[in-house]
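**Student:**
The following block contains the structure:
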């Protein structure tokens, strides 16, 4: 499957889904820092498939809890994944079991979920492109990766 076909499949899948009453997707939103005393944890992936987005979200939740980030916001660009995490209903998607496990981790913790469209999230897009060339597990806690400086400057004007 090429990128064009994957995009078409993604658009077709999302065109037929109805948003939940408690979730409204923004038309366009740009990245913003989290509120004071709150961590923001980005879940990004190097593929456009919702399966990889679900795995990235589950790992981001697990990682944030491992290092003691609470409360925090899980931000992702897969509307389907974020909508599923916000829902109390069980997901019937092939990756639903991954998100159910992730939701179980969030029950006793102060975690909220935020969807941001790919077009409005140049930081996540840049990280996803960078991830194609990283073979090891990499975490940045206090420093901004050098390849993100110009993106942050552009976002924060």
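Numbering (the numbering used here), first residue to last: 3 to 159.
Positions of the beta carbon are idealized from the N, C-alpha and C atoms, including for glycine.
Keep in mind it's a predicted model, so treat the numbers as computed, not measured.
Buried or exposed for residue 104, please, with buried defined as at least 16 other CB atoms from any protein chain shown within 10 angstroms of its CB.
**Tutor:** buried
**Student:** Please list, in chain order, all residues of the same chain as residue 115 whose beta carbon is under 6 Å from its beta carbon, the five residues on each side excluded.
**Tutor:** 76, 84, 87, 88
**Student:** State the Cα-Cα distance for the pair residue 33 and residue 125, rounded to the nearest angstrom.
**Tutor:** 8 Å
**Student:** For residue 93, tell me which candidate among 107, 74, 8, 56 has the shortest Cα-Cα distance.
**Tutor:** 56
**Student:** In whole angstroms, give me the CA-to-CA distance for residue 59 and residue 11.
**Tutor:** 21 Å
**Student:** To the nearest angstrom, how far is it from the Cα of residue 79 to the Cα of residue 134?
**Tutor:** Spanning the two alpha carbons is a distance of roughly 17 Å.
**Student:** How is residue 144 classed by DSSP in three states: helix, strand or coil?
**Tutor:** coil
**Student:** Identify the residues that DSSP records as bridge partners of residue 117: which are they?
**Tutor:** 78
**Student:** Using the C-alpha atoms, what's the distance from residue 16 back to residue 91?
**Tutor:** If I take the Cα positions, the gap works out to 18 Å.
**Student:** Relative to the alpha-carbon of residue 35, which residue among 132, 136, 131, 118 has its alpha-carbon at the smallest distance?
**Tutor:** 118
**Student:** Using the Cα positions of residue 129 and residue 150, report the straight-line distance between them to the nearest angstrom.
**Tutor:** 8 Å
**Student:** Assuming contact is defined by CB atoms lying nearer than 8 Å, are residue 41 and residue 66 in contact in what I supplied?
**Tutor:** yes
**Student:** Starting from residue 98, follow the alpha helix (DSSP H) in both directions and report where the run begins and ends.
**Tutor:** 98 to 108
**Student:** Using only the alpha-carbon positions, how far apart do residue 137 and residue 37 sit?
**Tutor:** Cα to Cα, the separation comes out at about 33 Å.
**Student:** According to DSSP, simplified to helix, strand and coil, what is residue 43?
**Tutor:** strand
**Student:** Just reading off the alpha helix (DSSP H) that residue 124 is part of, what are its end residues?
**Tutor:** 124 to 133
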